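Asker:
2 protein chains.
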Amino acid sequence: MKNTKQKILVLDIVNNNRCHSNAEDIYNIARKTIPNISLGTVYRNLNSLVEEKHIKRIKMDDGIDRFDNMIYPHDHFICTKCNTIIDVDEVNHCDFKEISGNKVMSYEIYYKGICKNCLEEEK
Amino acid sequence: MKNTKQKILVLDIVNNNRCHSNAEDIYNIARKTIPNISLGTVYRNLNSLVEEKHIKRIKMDDGIDRFDNMIYPHDHFICTKCNTIIDVDEVNHCDFKEISGNKVMSYEIYYKGICKNCLEEEK
DNA sequence: CTCCTAACTAGTAATGATTACTAATTAAAG
DNA sequence: CTTTAATTAGTAATCATTACTAGTTAGGAG
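Protein chains in written order, with the working numbering: chain A, 1 to 123; chain B, 1001 to 1123.
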């Protein structure tokens, strides 16, 4: 578990980015600080950080994973038209410990629909 | 919008399968009825059926999509150890129509943890 | 502060689920 | 029964992600 500058940078980018970037985006931002950082390194560190529960992976319908900070608990609204992700302050805190004998460690809510911007454009 | 026998078969397989199969599984089951059905045809029909909201796509961490019927409303528990998906009867029916100006059409809850079987094996 | 070594990285090649393509087939409307 | 646009089988291509390898480095022991 070495704390490399690459790993610290990746975590820092995810934590300071409010826009749910994908690996490629994070790679491009990271190159501004470490110009020869490798895309594979970004992927590997994103995977470690998800495993260590420092960041969250959001699986999108387009098949490209996005990554989000876990600084405060929140859910997500995903616009099915423009694919934007919008943070939703946790409204329903259901703290199940157990469902039918299965041990619940966490849960995620994904709201889907049309975002404010796309609704405007439809008019 | 043609109702081909391939599409009807794919829908039928998803609806009669309680185990959240992936495209490859569904392809293998489909071949028992239509031996020369193409894997591409299975993928295309799964995509159409998801778009038409006849079935649901479940995005897994291993990157392989699973498919589920929509006969009755339910959520999912995913075991992070063995990757099994377990149906959860809807416990929290929250019917938001709108969140911060964004129009909510649907929502999904994913519970994550360790399933009954894996808990047993840990002992 | 060195030395040591397991863990990590850069760069590149490989993987594999999914999609795209094309000639042939077919559902279904008139 | 025609007609035709949509669909299919079979195969090739795509591309996000992972694997691999020689070289580098974090950080603990001495």
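From the three backbone atoms N, C-alpha and C, an ideal C-beta is built for every residue, glycine too. Just so we're clear, the structure is a prediction, and the values are computed from it rather than from any experiment.
1. So is E1108/B in contact with chain A if we call contact Cβ pairs under 9 angstroms?
2. Evaluate D12/A with the Cβ neighbour count: other Cβ atoms within 10 Å of its Cβ, from every protein chain shown; 16 or more gives buried, anything less gives exposed.
3. Output the residue ranges of the beta strand (DSSP E) runs that lie fully inside the region 1029-1058 of chain B and measure 3 residues or longer, sorted by chain position.
4. Buried or exposed: where does N1102/B fall if 16 or more other Cβ atoms within 10 Å of its Cβ makes it buried?
5. Could you pull out every residue in the same chain whose Cβ sits closer than 7 angstroms to the Cβ of V1042/B, ignoring the five residues on either side in sequence?
6. For G1063/B, count neighbouring Cβ atoms within 10 angstroms of its own Cβ and tell me buried if that reaches 16, exposed if not.
7. What is the rounded straight-line gap between the Cα of I86/A and the Cα of G113/A?
8. Judging by CA-CA distance, which residue of D95/A, I78/A and K97/A is the nearest neighbour of I1099/B?
9. Start and end of the beta strand (DSSP E) containing E108/A?
10. Would you mind working out which of L1049/B, R1018/B, H1074/B and N1117/B sits nearest K1007/B, comparing C-alpha positions?
11. Going by CA-CA distance only, name the one from N1117/B, K1005/B and Y1107/B that's closest to N1045/B.
12. Sorted by chain position, which residues of the same chain lie with C-beta nearer than 6 angstroms to T1080/B's C-beta, five sequence neighbours on each side aside?
13. I'd like the list of long-range same chain contacts for R66/A, defined as Cβ closer than 7 angstroms, with 5 residues on each side in sequence excluded.
14. Looking at the structure shown, is I1071/B part of a helix, part of a strand, or coil, going by DSSP?
15. Taking 9 angstroms as the threshold (C-beta atoms), are Y1107/B and F1096/B in contact?
16. Is N1022/B helix, strand or coil by DSSP?
17. Report yes or no: is there a C-beta of chain B within less than 9 angstroms of the C-beta of V88/A?
18. Should E90/A and D75/A be called a contact, given that it needs their Cβ atoms to be closer than 9 angstroms?
19. List the DSSP bridge partners of E1098/B.
20. Give the DSSP-derived three-state secondary structure of D1012/B in the structure shown.
21. Name the chain B residues that come within less than 9 angstroms of M105/A, Cβ to Cβ?
22. Taking N1017/B as the reference, which of N1083/B, E1122/B and I1071/B has the closest Cα?
23. Which chain B residues are close to L39/A, counting only those with a beta carbon under 9 angstroms from its beta carbon?
Answerer: Put simply:
1. yes
2. exposed
3. 1055-1058
4. buried
5. V1010, A1023, I1026, Y1027 and A1030
6. exposed
7. 11 angstroms
8. I78/A
9. N102 to I114
10. L1049/B
11. K1005/B
12. K1112
13. H20, S21, N22, I58, M60 and I85
14. coil
15. yes
16. strand
17. yes
18. yes
19. K1103/B
20. helix
21. T1080, Y1111, K1112, G1113 and I1114
22. I1071/B
23. Correct list: empty, because the minimum Cβ distance to chain B is about 17 angstroms.
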